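Worksheet for the structure shown next.
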Amino acid sequence: EEDEDAKDEL
Amino acid sequence: MNIFRLVGDLCHLASILLLLLKLRASKNASGISLKTQELFLAVFVCRYLDLFTTFYSVYNSVMKVLYIALTALIIHMMRAQSPIRGTYDASQDTFLHVKYAVAPCAALAALTMLVQGFDVRDLFWNFSIYLEAIAIVPQLIVLQRYREVENLTGHYIFFLGAYRALYILNWIYRSFHERGYKHHYVVYFAGIVQTALYVDFFYYYAISKYRGGKFSLPS
Numbered sequence: 291e292e293d294e295d296a297k298d299e300l
Numbered sequence: 046m047n048i049f050r051l052v053g054d055l056c057h058l059a060s061i062l063l064l065l066l067k068l069r070a071s072k073n074a075s076g077i078s079l080k081t082q083e084l085f086l087a088v089f090v091c092r093y094l095d096l097f098t099t100f101y102s103v104y105n106s107v108m109k110v111l112y113i114a115l116t117a118l119i120i121h122m123m124r125a126q127s128p129i130r131g132t133y134d135a136s137q138d139t140f141l142h143v144k145y146a147v148a149p150c151a152a153l154a155a156l157t158m159l160v161q162g163f164d165v166r167d168l169f170w171n172f173s174i175y176l177e178a179i180a181i182v183p184q185l186i187v188l189q190r191y192r193e194v195e196n197l198t199g200h201y202i203f204f205l206g207a208y209r210a211l212y213i214l215n216w217i218y219r220s221f222h223e224r225g226y227k228h229h230y231v232v233y234f235a236g237i238v239q240t241a242l243y244v245d246f247f248y249y250y251a252i253s254k255y256r257g258g259k260f261s262l263p264s
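And the structure:
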């Protein structure tokens, strides 16, 4: 997975 | 993306659509808190400033625009659309003066900047995290005052609560499955506070579903 930060959440 | 987060987001979208359906179908805003809707709009606008700076995915951008636009539509219907406007009872929606919600959240966000280092977008982002945690409170108070909860209103809050609960599972999943996942303890703290606010509602909602009768809250 590329994501690693809660900032990509809605 | 994981299943908890996807279903959580869809529950969030479903809750907003249910509220729009309730307003359209019943032409009635009784039992709905305009304050909660306005606080949610502030939450979305402050958090989604990254729409202009960071592209994550089409899914991410579309959902952000939908949350903002549909919440703005709900507010418009309650404030300006007859006959719904006349059915909104502001005298029942008095628990929290908006400034007493916004000011402490802004102060907490500013304090967080002292720890994390100053950044304008982070300031708005943290503010939105704190504000979201308490934005549902005026709505829960309005429900307490009306006691009898309409079906669609009950489902609206159930889906909102489900969204929050699924996000906690999402964080647990992410912390185990994503390498280098960065923990945001502010997000966890605010998210757990927010979910806890729904526990009482869930309890009475479940009992009313089990008994199959009308959903009403104890006085």
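For the record, the sequence lines run as chains S and R. Every number in the numbering used here is 290 more than the matching position in the first sequence, counting from 1. Every number in the numbering used here is 45 more than the matching position in the second sequence, counting from 1. By construction, the Cβ of each residue, glycine as well, lies at the ideal position given by its N, Cα and C atoms. Since the structure is predicted, the reported quantities are computational estimates derived from the model, not experimental observations.
Are the segment 138-155 of chain R and the segment 164-184 of chain R in contact at 8 Å, needing three or more beta carbon pairs? yes
Is any beta-carbon of chain S found at less than 8 Å from that of R:Lys67? Counted from its first residue, the second sequence places residue 67 of chain R at position 22. Not one chain S Cβ lies under 8 Å of R:Lys67.
Is R:Phe97 buried or exposed, if buried means 16 or more other CB atoms sit within 10 Å of its CB? Sequence index remark: in the second sequence, residue 97 of chain R carries index 52 (1-based). When all chains shown are included, R:Phe97 counts as exposed.
So R:Ile237 packs on R:Leu205, CB below 8 Å; how close in whole Å? In the second sequence, the residue the question calls residue 237 of chain R occupies position 192. In the second sequence, the residue the question calls residue 205 of chain R occupies position 160. With 8 Å as the limit, R:Ile237 and R:Leu205 do not qualify as a contact, their Cβ atoms being about 16 Å apart.
With a cut-off of 8 Å, does the C-beta of R:Asn171 fall near any C-beta of chain S? For the purposes of this step, residue 171 of chain R is identified with residue 126 of the second sequence, where counting begins at 1. By this cut-off, R:Asn171 is not an interface position.
Test: R:Ile101 CB closer than 8 Å to a CB of chain S: Working through the second sequence from its first residue, we reach residue 101 of chain R at position 56. According to the sequence as given, residue 101 of chain R is Tyr; it is not Ile. Judged by the 8 Å Cβ criterion, R:Tyr101 is in contact with chain S.
Does the beta-carbon of R:Lys80 have 16 or more other beta-carbons within 10 angstroms, so that it is buried, or is it exposed? Taking the second sequence and counting its residues from 1, one reaches residue 80 of chain R at position 35. Result: buried.
Which value, in whole angstroms, describes the spacing of the CA atoms of R:Ile120 and R:Thr132? The sequence position of residue 120 of chain R within the second sequence is 75, counting from 1. The sequence position of residue 132 of chain R within the second sequence is 87, counting from 1. If you take the alpha carbons of R:Ile120 and R:Thr132, they lie about 13 Å apart.
My output table needs one value for R:Lys227: the three-state DSSP class, helix, strand or coil. Position 182 of the second sequence, counted from the first residue, corresponds to residue 227 of chain R. R:Lys227: strand per DSSP, three-state reduction.
Give me the Cβ distance between R:Asn215 and R:Asn47, rounded to the nearest whole Å; I'm assuming they're in contact under 8 Å. Within the second sequence, residue 215 of chain R is the residue found at index 170, counting from 1. Within the second sequence, residue 47 of chain R is the residue found at index 2, counting from 1. At roughly 6 Å, the Cβ-Cβ gap stays under 8 Å, so R:Asn215 and R:Asn47 are in contact.
Range of the contiguous alpha helix (DSSP H) that encloses R:Phe89: The sequence position of residue 89 of chain R within the second sequence is 44, counting from 1. Element bounds for R:Phe89: Leu79 to Arg92.
Which of helix, strand or coil does DSSP assign to R:Glu177? Counting from 1 along the second sequence, the entry for residue 177 of chain R is found at position 132. Reduced to three states, the DSSP call for R:Glu177 is helix.
Residues bridged to S:Asp295 by DSSP? Start at 1 with the first residue of the first sequence, and residue 295 of chain S comes out as number 5. DSSP output for S:Asp295 lists R:Lys227 as bridge partner(s).
Compare the beta carbon distance of S:Glu299 and R:Arg209 with 8 Å and say whether it is the shorter of the two. The residue labelled residue 299 of chain S in the question sits at position 9 within the first sequence. The residue labelled residue 209 of chain R in the question sits at position 164 within the second sequence. No, the Cβ-Cβ distance between S:Glu299 and R:Arg209 is not below 8 Å.
Per DSSP, cross-strand counterpart(s) of R:Glu193: Locating residue 193 of chain R in the second sequence gives position 148, counting from the first residue. According to DSSP, R:Glu193 bridges with R:Ser261.
Quick one: grab the DSSP three-state call for R:Gly131. Within the second sequence, the letter at position 86 stands for residue 131 of chain R. In the structure shown, R:Gly131 sits in a helix (DSSP, three-state: H, G or I).
Can you check whether the C-beta of R:Asp164 is within less than 8 Å of a C-beta belonging to chain S? Within the second sequence, numbered from 1, the residue matching residue 164 of chain R stands at position 119. Output row for R:Asp164: interface = no.
If R:Leu63 and R:Tyr201 are in contact, beta carbons under 8 Å, what's the gap, nearest whole angstrom? Translated into positions along the second sequence, residue 63 of chain R becomes position 18. Translated into positions along the second sequence, residue 201 of chain R becomes position 156. Yes, they are in contact, since the Cβ atoms of R:Leu63 and R:Tyr201 sit about 5 Å apart, within 8 Å.
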